[in-house]
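Structure, as structure tokens:
Protein chains: 2
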Amino acid sequence: MKKISSAKNEIVKQWKKLLTKKGRMQTGRFLVEGEHLVEEALRAGATRELIVREGYEIPHAWKADEIDVIEVTESVAEALSETETAQGIFAVCQMKSDAAISRGSYLLLDRIQDPGNVGTMIRTADAAGFAGVIIGQGTVDVFNSKVLRSTQGSVFHLPIIQMELTEAIQALHEEGVKVIGTALEGAELYTGIEAAGPVGLLIGNEAQGVAAELLDHCDAKAYIPIRGKAESLNAAVAAGILLYHFAPAD
Amino acid sequence: MKKISSAKNEIVKQWKKLLTKKGRMQTGRFLVEGEHLVEEALRAGATRELIVREGYEIPHAWKADEIDVIEVTESVAEALSETETAQGIFAVCQMKSDAAISRGSYLLLDRIQDPGNVGTMIRTADAAGFAGVIIGQGTVDVFNSKVLRSTQGSVFHLPIIQMELTEAIQALHEEGVKVIGTALEGAELYTGIEAAGPVGLLIGNEAQGVAAELLDHCDAKAYIPIRGKAESLNAAVAAGILLYHFAPAD
Numbered sequence: 065m066k067k068i069s070s071a072k073n074e075i076v077k078q079w080k081k082l083l084t085k086k087g088r089m090q091t092g093r094f095l096v097e098g099e100h101l102v103e104e105a106l107r108a109g110a111t112r113e114l115i116v117r118e119g120y121e122i123p124h125a126w127k128a129d130e131i132d133v134i135e136v137t138e139s140v141a142e143a144l145s146e147t148e149t150a151q152g153i154f155a156v157c158q159m160k161s162d163a164a165i166s167r168g169s170y171l172l173l174d175r176i177q178d179p180g181n182v183g184t185m186i187r188t189a190d191a192a193g194f195a196g197v198i199i200g201q202g203t204v205d206v207f208n209s210k211v212l213r214s215t216q217g218s219v220f221h222l223p224i225i226q227m228e229l230t231e232a233i234q235a236l237h238e239e240g241v242k243v244i245g246t247a248l249e250g251a252e253l254y255t256g257i258e259a260a261g262p263v264g265l266l267i268g269n270e271a272q273g274v275a276a277e278l279l280d281h282c283d284a285k286a287y288i289p290i291r292g293k294a295e296s297l298n299a300a301v302a303a304g305i306l307l308y309h310f311a312p313a314d
Numbered sequence: 065m066k067k068i069s070s071a072k073n074e075i076v077k078q079w080k081k082l083l084t085k086k087g088r089m090q091t092g093r094f095l096v097e098g099e100h101l102v103e104e105a106l107r108a109g110a111t112r113e114l115i116v117r118e119g120y121e122i123p124h125a126w127k128a129d130e131i132d133v134i135e136v137t138e139s140v141a142e143a144l145s146e147t148e149t150a151q152g153i154f155a156v157c158q159m160k161s162d163a164a165i166s167r168g169s170y171l172l173l174d175r176i177q178d179p180g181n182v183g184t185m186i187r188t189a190d191a192a193g194f195a196g197v198i199i200g201q202g203t204v205d206v207f208n209s210k211v212l213r214s215t216q217g218s219v220f221h222l223p224i225i226q227m228e229l230t231e232a233i234q235a236l237h238e239e240g241v242k243v244i245g246t247a248l249e250g251a252e253l254y255t256g257i258e259a260a261g262p263v264g265l266l267i268g269n270e271a272q273g274v275a276a277e278l279l280d281h282c283d284a285k286a287y288i289p290i291r292g293k294a295e296s297l298n299a300a301v302a303a304g305i306l307l308y309h310f311a312p313a314d
């Protein structure tokens with residue numbers, strides 16, 4: 065097994081670049097940390113290398129025999145870690161870029177800013193049985209470590225497609241999929257919207273909502289009623305309510 | 065206006081005690097920080113004192129003329145702050161302890177551990193039009209600053225009742241309110257549960273769910289289906305889906 069004991073080692077520098085959006089864009093790779101995420105990455109066949117802290121024992125159940133394993137010292141592990149209590153296990157993963165839109169239900173994200181919200185929305189879309197998640201420009205980078213952690217592994221379960229949302233809406237329309245955007249003005253109560261087949265559900269920025277030019281392309285505009293004195297819902301909760309309401313039937 | 069310039073001042077020490085659960089329990093008071101929460105506290109009539117950092121101008125719209133205002137130095141404000149970017153405005157608030165259960169829909173929380181989850185659930189219960197939130201023993205303290213921030217002010221909008229959940233369920237039953245507990249085993253699909261009138265919705269610990277002895281007293285047990293490969297839903301998202309599904313009709 066290869067072993068690296070200096071955080072200044074060239075390989076470590078390459079890994080550290082994966083902690084930045086630029087580094088991830090240039091390489092098409094990203095880094096995940098922690099047992100649960102690494103296990104999900106292995107199961108999805110997304111792993112290129114495993115990085116383990118000295119003394120960490122790779123569980124037999126992982127069937128990681130054919131994956132390169134590189135052992136690192138505590139200090140290198142700390143240099144790579146973005147969590148408070150590092151578990152000493154990382155995986156270098158490959159982004160999938162071949163996903164395409166097919167007839168099915170998709171969650172579309174327009175400029176969502178909070179990493180926890182994006183991760184939780186991906187997790188909920190997975191749980192609700194959606195076919196994939198489409199990420200427009202301006203949404204926080206999906207391969208950011210906070211997003212990855214909040215997905216709880218769902219980032220490996222369904223296609224995450226990065227594309228212009230106007231193109232995505234057009235592609236969904238070509239597949240006969242109705243697109244529902246969330247809006248406050250000129251919108252219908254979400255429970256009153258008919259959606260028998262698959263849907264594209266378009267969720268917008270936490271403060272500004274969905275961009276007007278995207279709403280123009282939607283087949284329906286939905287709102288969730290606020291009945292008490294609250295000003296708004298948490299964005300991930302709002303997405304969850306709509307995802308389950310419009311979820312594909314069993 | 066009174067002014068305090070030392071963090072060792074006796075009054076500051078009393079305020080700092082409100083940052084601990086023990087201090088809050090002993091005094092029946094709690095501290096909120098930041099413009100939005102302070103404004104909501106004032107509107108709810110819960111404020112006893114305002115604490116402002118030197119130079120902070122209290123908005124006229126707040127109508128805070130009859131509230132004691134104490135000016136503090138930057139260092140005192142920092143000693144009180146639990147946020148990264150302090151806004152320099154705090155309020156000492158009085159807990160309400162006279163709330164009682166009446167016929168209506170309530171959210172009941174059994175041992176929820178994450179402050180953000182508890183705060184978001186209170187916010188969502190408010191938005192969905194629930195009459196109040198009932199907090200059982202073992203749930204994280206509602207007056208903890210992270211919970212307060214996550215409520216986005218909803219902690220001031222609806223009664224937050226701390227009581228034994230078995231007693232709460234009994235009180236709801238006496239009012240003719242059906243209580244629905246969340247469970248994985250022996251539970252019905254949530255969309256299949258009939259609930260024409262008000263409901264008590266009982267949500268359990270993030271990992272262990274609702275305690276078995278509480279489920280025994282419920283009228284129905286509900287589960288949310290997981291259709292994809294996700295293992296579970298975020299607890300606040302799950303609560304949001306159920307709160308809106310069982311929300312009181314308009």
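Chain order of the listed sequences is A and B. To convert, count from 1 in the first sequence and add 64; that's my numbering. To convert, count from 1 in the second sequence and add 64; that's my numbering. Just so it is clear, CB atoms sit at the ideal spot from N, CA and C, and this is done for glycine as well. On a predicted model such as this, the values are computed, not experimentally measured, just so you know.
Chain B within 8 Å of residue i, Cβ atoms only
| i | result |
| --- | --- |
| glycine 45 of chain A | Since the displayed chain A opens at 65 and closes at 314, residue 45 of chain A lies outside it and no answer follows. |
| glutamine 216 of chain A | yes |
| alanine 320 of chain A | Since the displayed chain A opens at 65 and closes at 314, residue 320 of chain A lies outside it and no answer follows. |
| alanine 337 of chain A | This structure gives no information on residue 337 of chain A, because the portion of chain A shown stretches from 65 to 314. |
| glycine 304 of chain A | yes |
| glutamate 229 of chain A | First, the amino acid is wrong: residue 229 of chain A is leucine here, not glutamate. Not one chain B Cβ lies under 8 Å of leucine 229 of chain A. |
| arginine 167 of chain A | no |
| histidine 221 of chain A | yes |
| threonine 246 of chain A | no |
| asparagine 208 of chain A | no |
| threonine 184 of chain A | yes |
| asparagine 298 of chain A | yes |
Best match in the options for proximity to residue i [C-alpha to C-alpha]
| i | options | result |
| --- | --- | --- |
| phenylalanine 310 of chain A | A/Gln234, A/Ala299 and A/Pro262 | A/Pro262 |
| glutamine 201 of chain A | A/Lys81, A/Leu306 and A/Ala275 | A/Ala275 |
| valine 76 of chain B | B/Asp280, B/Val206, B/Ser296 and B/Glu138 | B/Glu138 |
| alanine 247 of chain B | B/Ala286, B/Ser214, B/Ala271 and B/Lys66 | B/Ala286 |
| threonine 203 of chain A | A/Glu228, A/Asp162, A/Glu231 and A/Asp174 | A/Asp174 |
| alanine 300 of chain B | B/Val96, B/Leu171 and B/Ala251 | B/Leu171 |
| tryptophan 126 of chain B | B/Gly119, B/Ala155, B/Arg117 and B/Trp79 | B/Ala155 |
| methionine 89 of chain A | A/Gln78, A/Glu97, A/Glu99 and A/Gly98 | A/Gln78 |
| glycine 264 of chain A | A/Ser214, A/Lys66, A/Asp129 and A/Gly245 | A/Gly245 |
| threonine 91 of chain A | A/Ser214, A/Arg213 and A/Arg112 | A/Arg112 |
| threonine 215 of chain A | A/Pro179, A/His124 and A/Leu106 | A/Pro179 |
| alanine 108 of chain B | B/Val219, B/His237 and B/Arg117 | B/Val219 |
| glycine 250 of chain B | B/Ile267, B/Asp280 and B/Leu236 | B/Asp280 |
C-beta neighbour in chain A for residue i, strict 8 Å
| i | result |
| --- | --- |
| valine 301 of chain B | yes |
| glycine 193 of chain B | yes |
| glutamate 295 of chain B | yes |
| aspartate 190 of chain B | yes |
| arginine 187 of chain B | yes |
| tyrosine 308 of chain B | yes |
Test item: CB-CB of residue i and residue j under 8 Å
| i | j | result |
| --- | --- | --- |
| isoleucine 186 of chain B | isoleucine 225 of chain B | no |
| isoleucine 290 of chain B | alanine 302 of chain B | no |
| serine 209 of chain A | glutamate 146 of chain A | yes |
| glutamate 239 of chain B | serine 169 of chain B | no |
| phenylalanine 194 of chain A | leucine 307 of chain A | yes |
| isoleucine 134 of chain A | valine 102 of chain A | no |
| glycine 292 of chain A | aspartate 205 of chain B | no |
| isoleucine 115 of chain A | valine 96 of chain A | no |
| histidine 100 of chain A | alanine 294 of chain B | no |
| alanine 110 of chain B | glutamine 151 of chain B | no |
Residue i, DSSP secondary structure in three states
| i | result |
| --- | --- |
| glycine 268 of chain A | strand |
| lysine 210 of chain A | helix |
| arginine 291 of chain A | coil |
| phenylalanine 94 of chain A | strand |
| leucine 253 of chain A | strand |
| valine 133 of chain B | strand |
| isoleucine 122 of chain B | coil |
| glutamine 226 of chain A | strand |
| phenylalanine 310 of chain A | coil |
| arginine 175 of chain B | coil |
DSSP beta-bridge partners of residue i
| i | result |
| --- | --- |
| glycine 196 of chain B | B/Tyr170 |
| arginine 112 of chain A | For arginine 112 of chain A, which the question treats as bridged, DSSP gives no partner whatsoever. |
| lysine 285 of chain A | A/Gly245 |
Contacts of residue i in chain C (Cβ-Cβ under 9 Å)
| i | result |
| --- | --- |
| asparagine 181 of chain B | Chain labels in this structure do not include chain C; the protein chains are A and B. |
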